[in-house]
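This report concerns only the one structure given below.
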Amino acid sequence: MFRFTSFTNWRSEGVVTPLSGRTVRRMAVLVIILSLWTYPLSGVSADSGWDAALDEIHNLYTDYTGLQASLKSDLQRNQELRKQNNTALAAVNKQLQATNAAQLAKLKSASEAVQKKHAPLLDQYTALSKQITTARKANNLKSATVLELKRNKLKAAAAAARAEVKKAASALAEAKALTAAKNKPAKDALAPIPLLKKQIAAQNKLFSAAQSERTEADKRNKAAVQAGDATQAAAAMKLSYSRMKEIRAMAGQLYGWEQQISTALHAAELKLPK
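For the sequence shown, the numbering used here gives the first residue as 335, with consecutive numbering after it.
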């Protein structure tokens with residue numbers, strides 16, 4: 335990748351003044367050309383193909399640097415929006431989780447306490463029922479009768495315990511249903527986001543592959559310039575430019591999806607339970 339900075343114009347009075355952007359670009363291209371010409375002709379092909387490669391570098395340079403600047407701006411824009419969306423999504427999810435949280439926690443704790451309180455009695459009652467069934471299958475009527483007497487003695491208490499457990503569980507289930515109903519509008523607004531994130535993840539794989547190719551092309555370009563090989567430098571520069579165009583197109587698509595996520599988040603924020 336070519337970068338040229340800090341060019342200045344030396345006047346006869348000894349005062350240093352900045353050059354125009356157009357002049358800087360011309361001088362940058364001149365530096366590239368001179369760097370290529372400084373190598374011995376024995377290591378450089380002086381044919382028309384080599385000259386044509388220099389022309390290609392000269393003609394592509396302005397578009398290349400302009401695209402490079404635009405791509406940098408686009409990627410920064412994407413990164414900022416993605417960060418905003420991630421922060422907003424976390425905040426929305428946190429608020430959804432907070433809906434009736436204290437009430438749900440209280441009811442859940444009460445339900446678990448009731449289950450724990452009656453577990454020994456209900457376990458004993460269930461165990462006696464299983465033992466009665468086993469005794470009857472074995473035609474052991476004496477044991478079955480004794481076991482049935484023990485179980486029936488617990489029947490009223492077991493029925494009361496089951497009713498209390500069911501009541502606590504029903505209260506918790508009803509509160510969960512009411513909470514889900516409160517959260518539903520906001521959650522429905524968030525529904526498109528998982529698919530959009532999958533699309534973004536798939537696109538990012540293609541993006542990374544194109545970025546890697548561009549990085550390799552930039553390395554080959556730098557090596558070719560150092561070797562005075564205009565043909566290879568031009569080829570690498572064109573490949574890098576081509577990949578940059580692909581990357582910018584993908585960045586635009588990614589930005590569009592992030593905008594859709596942002597729209598969905600805004601809609602969800604408006605529908606959060608008050």
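Here a beta-carbon is modelled for each residue, glycine too, at the ideal position from N, C-alpha and C.
Ranked by how close their Cα comes to the Cα of Ser-504, the residues Arg-554, Ala-461, Glu-446 have Glu-446 in first place. Its Cα nearest to that of Leu-394, the residue Met-571 stands out among Gln-593, Leu-604, Ala-585, Met-571. Counting along the chain, Pro-528 sits inside the alpha helix (DSSP H) bounded by residues 527-561. If you ignore the 5 residues before and after Leu-409, its C-beta comes within less than 8 Å of the C-beta of Ala-585, all in its own chain and listed in chain order.
Judged by their CB atoms, Leu-456 and Arg-496 are nearer to each other than the 8 Å cut-off. The shortest CA-to-CA distance from Gln-402 to any of Lys-605, Ala-583, Ala-435 is the one to Ala-583. Under the Cβ criterion (8 Å, minimum of three pairs), the stretch 435-443 counts as touching the stretch 505-523.
Lys-476 and Leu-462 do not touch by the CB rule: their CB atoms are close to 15 Å apart, not below 8 Å. Under the three-state reduction of DSSP, Thr-479 is assigned to helix. With fewer than 16 other beta carbons inside 10 angstroms of its own, Glu-414 counts as exposed. In this structure, Leu-588 sits near Asn-412, with a CB-CB distance shorter than 8 Å. In the structure shown, the three-state DSSP call for Leu-606 is coil. In the DSSP assignment, Ala-453 falls within the unbroken alpha helix (DSSP H) covering 435-471.
If you draw a straight line from the Cα of Leu-423 to the Cα of Glu-508, it is about 27 Å long. Here the alpha carbons of Asn-555 and Ile-595 stand approximately 39 Å from one another.
Secondary structure of Asn-517 (DSSP, three-state): helix. Here DSSP, grouped into helix, strand and coil, assigns Asn-412 to helix. Judged by DSSP in its simplified three-state form, Asn-474 adopts coil rather than helix or strand.
Residue burial is scored here from C-beta neighbours: Ser-574 has at least 16 other C-beta atoms within 10 angstroms and is therefore classed as buried. Of the residues assessed, Ala-387 falls on the buried side of the cut-off, its CB having 16 or more other CB atoms within 10 angstroms.
Here Leu-604 is exposed: its Cβ has fewer than 16 other Cβ atoms, across all protein chains shown, within 10 Å. Around Asn-517, the same chain offers Leu-430, Thr-433, Pro-607 as residues with beta carbons nearer than 7 Å, after the five sequence neighbours per side are excluded.
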